[in-house]
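Participant: Read in order, the letters of the sequence shown are residues 1380 to 1812 in this note's numbering.
Backbone N, C-alpha and C define an ideal beta-carbon position, used for all residues, glycine too.
Quick one: the structure is below, questions incoming.
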Amino acid sequence: MMAHIVEQAKNIPIAYETDVLVVGGGATGVAAAIAAARVGCDVMLVEKYGFCGGMATAGMSGTICGLFTSGKTGKREQLVHGFAGEFYRHLQDRGGVSDPFPFGDTALVVHDLHVWKEVADDLLTEAKVKILYHTYCVGIVHKNGLVEAAIIENKSGRKAIRAKRFVDATGDGDLCVWAGAPHVMGKNGSVQYPTMVFRMNHVDVQHFLRDGLHRVEELIHEAERKGFDLPRKHIYLLPSPRPGEILCNVTRIAKENGDPIDATNAEDLTEAELRGRKQVREYERFLRQFVPGFENARLNDVAAQIGIRQSRTILGKGMLRNEDVMQARKSKRAVAKSAWCIEAHGKDGIYMYYLDNDYYEIPFDTLVPQNVENVMTAGRTLSAEHEALASARVTAQCFLTGYAAGAASALSLKHGIKPGDVDYDELKSVIDY
Ligand SMILES: Cc1cc2nc3c(=O)[nH]c(=O)nc-3n(C[C@H](O)[C@H](O)[C@H](O)COP(=O)(O)OP(=O)(O)OC[C@H]3O[C@@H](n4cnc5c(N)ncnc54)[C@H](O)[C@@H]3O)c2cc1C
């Protein structure tokens, strides 16, 4: 049993008061904050980095999945609209996104990391959201599932933000768990494996697409026979909107004993960063030596942090089941739709399941945590079974579910009810998907 020390109780200044506080500025938090502000609330967003995007920028996930139709035959067309479509249009207007690129039976677009941050800054500012960067939320003040304030720490010290509604967009469900919401870690405690993403520049992209792309897996096996240590065989090499640049989503990071990384444990995260950066160098060496088009390529940059696909899943009033995704079920209380595949990064490989000319919907009740009155969650913490989450966690759906969580928080405040009790038809009138 760990020894304890008692910290002295102290009064914490209430530095800010707001209607809705969004914690976390990833795709989910950006969408939630903008939605709540558009419905007419005072909104604050706190984010530990100095920019928005979370996994999409700091983790360099680097593409928007979940926008397009999926099928063995037929054209890939944009299926998803609403805030995801809006953000995509802004990226397009600024030249910050590639054309749709095939991915199995569907497609994705690769975005410029810097333009993503600029679009988020501008949309939040336009919506008059008060942003506080470089600020960590470290706790809450709550009673019986009702959160009164969030405790934040930054270079100005330890302060409180009092709010009437909260959106937990931390990706790890920090607020929900502190407030007493039940949660699970993946499937029987095992979450998806993370990736340290990097970018190579000075790539001859046309040469790679013509002569390299279709042979990558075979070349990995050849390199392994020559002594390379390349644990992931099915890798994603995606042309970015910048000339000569390839986004490399290729590593798979485990603990030394092979177990998955627990992203709520700082020691695991540290191990993942160290092992991740080492593995990046091995794949870089492989790409330069074996893959046509990469002969003169250089390592451009490596993600600011290990890319975490999954940590805590917050159990909600509803749950997205694996069958809902696989059978393309629709919901009477939908807030999002998706044709993205189940893409579960496991210990020994990636389990893929594509939808065929159909899509599923995500119900509102997956965003309403159990046992907590005034907190919503969305994005990669929404209530879902493991494989279902491996589809619903991607960026387009984070935008949509985040937007719904923000809008519901604001509407509930207007009517003096719990966010989970908002009238679905009214919610539907302020969201689109
Ligand atoms: C390696 C990898 C590759 C991926 N590839 C793709 C892809 O190609 N396309 C795609 O669409 N999706 C992809 N995804 C999934 C997608 O990037 C994420 O699921 C999505 O970005 C999650 O958004 P989010 O806002 O829910 O969470 P996050 O992006 O994790 O955002 C959470 C935010 O909260 C902040 N935060 C956390 N805790 C606190 C706290 N206590 N106080 C203050 N701030 C806090 C974090 O800094 C972060 O900005 C990938 C994910 C990974 C990890």
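Is the Cβ-Cβ distance between I1510 and L1502 less than 8 Å?
Facilitator: Indexing the sequence shown from 1 puts residue 1510 at position 131. Indexing the sequence shown from 1 puts residue 1502 at position 123. No, Cβ-Cβ distance for I1510 and L1502 is not below 8 Å.
Participant: For G1758 and F1480, what's the separation of their Cα atoms in angstroms?
Facilitator: What you label residue 1758 is simply residue 379 of the sequence shown in a count that begins at 1. What you label residue 1480 is simply residue 101 of the sequence shown in a count that begins at 1. Distance between the alpha carbons of G1758 and F1480 is about 23 Å.
Participant: Rounded to whole angstroms, what is the Cα-Cα separation between I1729 and D1472?
Facilitator: For the purposes of this step, residue 1729 is taken as residue 350 along the sequence shown, with counting starting at 1. For the purposes of this step, residue 1472 is taken as residue 93 along the sequence shown, with counting starting at 1. Here the alpha carbon of I1729 sits roughly 34 Å from the alpha carbon of D1472.
Participant: Quick check on DSSP: helix, strand or coil for C1555?
Facilitator: Along the sequence shown, one-based indexing puts residue 1555 at 176. C1555 falls in the helix class under three-state DSSP.
Participant: Rounded to a whole number of angstroms, what is the C-alpha to C-alpha distance between L1492 and A1382?
Facilitator: Start at 1 with the first residue of the sequence shown, and residue 1492 comes out as number 113. Start at 1 with the first residue of the sequence shown, and residue 1382 comes out as number 3. Whole-angstrom Cα-Cα distance: 43 Å.
Participant: Quick one: what's got a C-beta closer than 7 Å to A1763's C-beta in the same chain, skipping five residues either side?
Facilitator: Numbered from its first residue, the sequence shown carries residue 1763 at position 384. So the list reads T1692, M1698, L1699, T1745, A1771, once near-sequence residues are dropped.
Participant: At a cut-off of 7 Å, is D1547 close to ligand 1 when judged by its beta-carbon and the heavy atoms of the ligand?
Facilitator: The sequence position of residue 1547 within the sequence shown is 168, counting from 1. Because no heavy atom of ligand 1 lies under 7 Å away, the Cβ of D1547 does not count as near it: no.
Participant: Identify the continuous beta strand (DSSP E) that holds I1625 and give its terminal residues.
Facilitator: Mapped onto the sequence shown, residue 1625 falls at position 246. That run of the beta strand (DSSP E) goes 1625–1628.
Participant: With 16 other CB atoms within 10 Å as the buried threshold, where does D1547 fall?
Facilitator: Counting from one through the sequence shown, the residue named residue 1547 turns up at place 168. When all chains shown are included, D1547 counts as buried.
Participant: Out of G1475, D1484, N1701, which one is the CA nearest neighbour of G1453?
Facilitator: As a position in the sequence shown, residue 1453 is number 74, starting the count at 1. Checked all of G1475, D1484, N1701; the closest Cα to G1453 is D1484.
Participant: Thinking H1460 and D1811 are a contact (beta carbons under 8 Å), I'd like their distance in whole angstroms, please.
Facilitator: On the sequence shown, position 81 is the one that residue 1460 refers to. On the sequence shown, position 432 is the one that residue 1811 refers to. At roughly 6 Å, the Cβ-Cβ gap stays under 8 Å, so H1460 and D1811 are in contact.
Participant: Can you find at least 3 beta carbon pairs, one from the region 1655–1668 and one from the region 1558–1569, that sit closer than 8 Å?
Facilitator: no
Participant: Straight-line CA distance for W1557 to L1598?
Facilitator: Position 178 of the sequence shown, counting from 1, holds the residue named residue 1557. Position 219 of the sequence shown, counting from 1, holds the residue named residue 1598. When rounded, the distance between both Cα atoms is 47 Å.
Participant: Threshold first: 4 residues or longer. Then list the alpha helix (DSSP H) segments lying entirely within the region 1663–1693, N to C.
Facilitator: none
Participant: Is any non-hydrogen atom of ligand 1 found closer than 7 Å to the C-beta of R1589, if you look at the structure I gave you?
Facilitator: Counting from 1 along the sequence shown, the entry for residue 1589 is found at position 210. Not under cutoff, so the answer is no.
Participant: If you draw a straight line from the alpha carbon of A1410 to that of K1605, how long is it in whole angstroms?
Facilitator: Here residue 1410 corresponds to residue number 31 of the sequence shown, with the count starting at 1. Here residue 1605 corresponds to residue number 226 of the sequence shown, with the count starting at 1. Straight across, the Cα-Cα distance linking A1410 with K1605 is about 47 Å.
Participant: With a threshold of 7 Å (Cβ to nearest heavy atom), would Y1733 be considered close to ligand 1?
Facilitator: Indexing the sequence shown from 1 puts residue 1733 at position 354. Not so, every heavy atom of ligand 1 lies at least 7 Å from the Cβ.
Participant: In whole angstroms, what separates the C-alpha of E1766 from that of W1495?
Facilitator: Reading the sequence shown from its first residue, position 387 is the one you call residue 1766. Reading the sequence shown from its first residue, position 116 is the one you call residue 1495. About 28 Å.
Participant: Kindly provide the ranges of any beta strand (DSSP E) runs that are 3 or more residues long and lie completely inside the region 1716–1740, ordered along the chain.
Facilitator: 1721–1724, 1729–1732
Participant: Measuring CB to CB, does M1423 end up less than 8 Å from I1540?
Facilitator: Counted from its first residue, the sequence shown places residue 1423 at position 44. Counted from its first residue, the sequence shown places residue 1540 at position 161. Cβ atoms of M1423 and I1540: closer than 8 Å.
Participant: Exposed or buried, which one is I1614 when buried takes at least 16 other CB atoms within 10 Å?
Facilitator: The count along the sequence shown starts at 1 and reaches residue 1614 at position 235. Buried is the call here.
Participant: Looking at L1492 and ligand 3, is the gap between the Cβ and the nearest heavy atom below 7 Å?
Facilitator: By its list of ligands, the structure shown excludes ligand 3, since it contains just ligand 1.
Participant: Per DSSP, Q1457 forms a beta bridge with which residues?
Facilitator: In the sequence shown, the residue the question calls residue 1457 occupies position 78. Looking at the DSSP assignment, Q1457 forms a beta bridge with F1447.
Participant: Could you name the residues of the same chain whose beta carbon sits closer than 6 Å to that of S1619, not counting the 5 residues immediately before and after it, in chain order?
Facilitator: As a working mapping, residue 1619 is identified with position 240 in the sequence shown. V1489, L1626.
Participant: For K1534, which residues from the same chain have a beta carbon less than 8 Å from its beta carbon, with the 5 sequence-adjacent residues on both sides left out?
Facilitator: In the sequence shown, the residue the question calls residue 1534 occupies position 155. Answer for K1534: H1513, listed in chain order.
Participant: If you count every other CB in all the chains shown that lies within 10 Å of the CB of T1780, and 16 or more means buried, which is it?
Facilitator: On the sequence shown, position 401 is the one that residue 1780 refers to. Buried: at least 16 other Cβ atoms inside 10 Å.
Participant: What beta strand (DSSP E) runs, 3 residues minimum, are completely inside the region 1468–1501?
Facilitator: 1480–1482, 1485–1489
Participant: Residue range of the beta strand (DSSP E) that M1579 falls in?
Facilitator: Walking along the sequence shown from the start, residue 1579 turns up at place 200. Its beta strand (DSSP E) spans residues 1577–1580.
Participant: Short of 8 Å in beta carbon distance, which residues of its chain neighbour L1592, apart from the five on each side in sequence? Order them along the chain.
Facilitator: Within the sequence shown, numbered from 1, the residue matching residue 1592 stands at position 213. Once the five neighbours on either side are set aside, the close Cβ partners of L1592 are L1616.
Participant: Just to confirm, is the Cβ distance from G1655 to I1685 under 8 Å?
Facilitator: Locating residue 1655 in the sequence shown gives position 276, where the first residue counts as 1. Locating residue 1685 in the sequence shown gives position 306, where the first residue counts as 1. Result yes, Cβ atoms of G1655 and I1685 sit closer than 8 Å.
Participant: Comparing alpha-carbon positions, which option in E1601, M1575, M1434, D1641 lies nearest T1774?
Facilitator: Residue mapping note: residue 1774 aligns to position 395 of the sequence shown, counting from 1. Nearest option by C-alpha distance: M1434.
Participant: Could you give the DSSP three-state label for T1643: helix, strand or coil?
Facilitator: Locating residue 1643 in the sequence shown gives position 264, where the first residue counts as 1. Correct three-state label for T1643: coil.
Participant: Using a Cβ-Cβ cut-off of 8 Å (strictly less than) and excluding sequence neighbours within five positions of L1609, which residues of its own chain qualify?
Facilitator: Taking the sequence shown and counting its residues from 1, the one referred to as residue 1609 is at position 230. Result list for L1609: I1599, A1602, E1603, E1661, Y1662, F1665, in chain order.
Participant: For E1532, tell me which candidate among M1731, I1391, S1808 has the shortest Cα-Cα distance.
Facilitator: Numbered from 1 along the sequence shown, position 153 holds the residue referred to as residue 1532. Ranking M1731, I1391, S1808 by Cα distance to E1532 puts I1391 first.
Participant: Identify whether A1757 lies in helix, strand or coil by the three-state DSSP scheme.
Facilitator: Here residue 1757 refers to the residue found at position 378 of the sequence shown. The answer is coil: DSSP assigns A1757 none of H, G, I, E or B.
Participant: With a CB to CB cut of under 7 Å and the five nearest residues on each side skipped, what residues in its chain are close to I1443?
Facilitator: Indexing the sequence shown from 1 puts residue 1443 at position 64. Hits under 7 Å: Y1467, L1487, V1488, H1490, T1774, A1775.
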